[in-house]
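What follows is one structure encoded as structure tokens, with my remarks underneath.
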Amino acid sequence: MAKRKTNSKKRNSIVKLKIVVKKLQRSLLLGRKSSSYRDEYDQDVSDTTSVPEDVKEGHFSVIAVDGNEPKRFVVPLSYLTHPTFVRLLEQAAEEYGFDHEGALSIPCRPSELERILGEQWQQEGVSDVGVNWSSCKTMVQSY
Numbered sequence: 003m004a005k006r007k008t009n010s011k012k013r014n015s016i017v018k019l020k021i022v023v024k025k026l027q028r029s030l031l032l033g034r035k036s037s038s039y040r041d042e043y044d045q046d047v048s049d050t051t052s053v054p055e056d057v058k059e060g061h062f063s064v065i066a067v068d069g070n071e072p073k074r075f076v077v078p079l080s081y082l083t084h085p086t087f088v089r090l091l092e093q094a095a096e097e098y099g100f101d102h103e104g105a106l107s108i109p110c111r112p113s114e115l116e117r118i119l120g121e122q123w124q125q126e127g128v129s130d131v132g133v134n135w136s137s138c139k140t141m142v143q144s145y
């Protein structure tokens, strides 16, 4: 019986995560379409629907909002497989819901999110090529 509840909770978490990822992908796609629409027809499109220039393809932005000053992070999509990051996304879904525009808000201190991102960076072995998280802090910007 306890095993069924655990499996049910895992399934619910996975379903919620899939919904977050789909909404994130749609919002990123919408922003890119809006940008090309503006170029093609030379019409003004509000800045809230376009993707910022620092958010490259295969990345998304999150804002760590728990603390004195929120910080914005540009994160590769590969981080969506990191268990701790996934838990943060689930907390964000519970706390803030899904219906908002722009960067995802994460209920986490910026320093804690930096630590989580650094862990994933090291696990991927990227530091073996002479790059480490501290050299990539240009991805972190104050909001």
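Numbering-wise, our numbering puts 61 at position 59 of the sequence shown, and it's gapless, one number per residue. Built from N, CA and C at the ideal position, the CB exists for glycine as well. Source: prediction; values computed, not measured.
With the cut-off set at 8 Å, would you say residue i and residue j are in Cβ contact?
i: Ile65; j: Pro72; result: yes
i: Ile21; j: Phe87; result: no
Note down the Cα distance separating residue i from residue j, rounded to an integer number of angstroms.
i: Ile16; j: Glu116; result: 24 Å
i: Lys11; j: Lys18; result: 11 Å
i: Asp56; j: Asn14; result: 33 Å
i: Lys24; j: Leu79; result: 12 Å
i: Ser52; j: Ser107; result: 18 Å
i: Gly69; j: Asn9; result: 34 Å
i: Val67; j: Gln27; result: 22 Å
i: Ala105; j: Leu90; result: 14 Å
i: Pro85; j: Leu119; result: 11 Å
i: Arg111; j: Glu59; result: 26 Å
i: Arg74; j: Ser63; result: 7 Å
i: Ser113; j: Thr83; result: 20 Å
i: Glu98; j: Tyr81; result: Just to set this straight, residue 98 is Tyr in the shown sequence, not Glu. Their Cα atoms are separated by approximately 20 Å.
i: Ser29; j: Glu121; result: 27 Å
Report the CB separation of residue i from residue j in whole angstroms; it is logged as a contact under 8 Å.
i: Val77; j: His102; result: Not a contact, Cβ separation roughly 17 Å.
i: Pro109; j: Ala95; result: With 8 Å as the limit, Pro109 and Ala95 do not qualify as a contact, their Cβ atoms being about 10 Å apart.
Could you spell out where the beta strand (DSSP E) holding residue i opens and where it closes?
i: Arg74; result: Lys73 to Pro78
i: Leu106; result: Leu106 to Ile108
Under the DSSP definition of a beta bridge, which residues are partnered with residue i?
i: Phe62; result: Val77
Just curious, the alpha helix (DSSP H) that residue i is in, first and last residue?
i: Glu96; result: Pro85 to Tyr98
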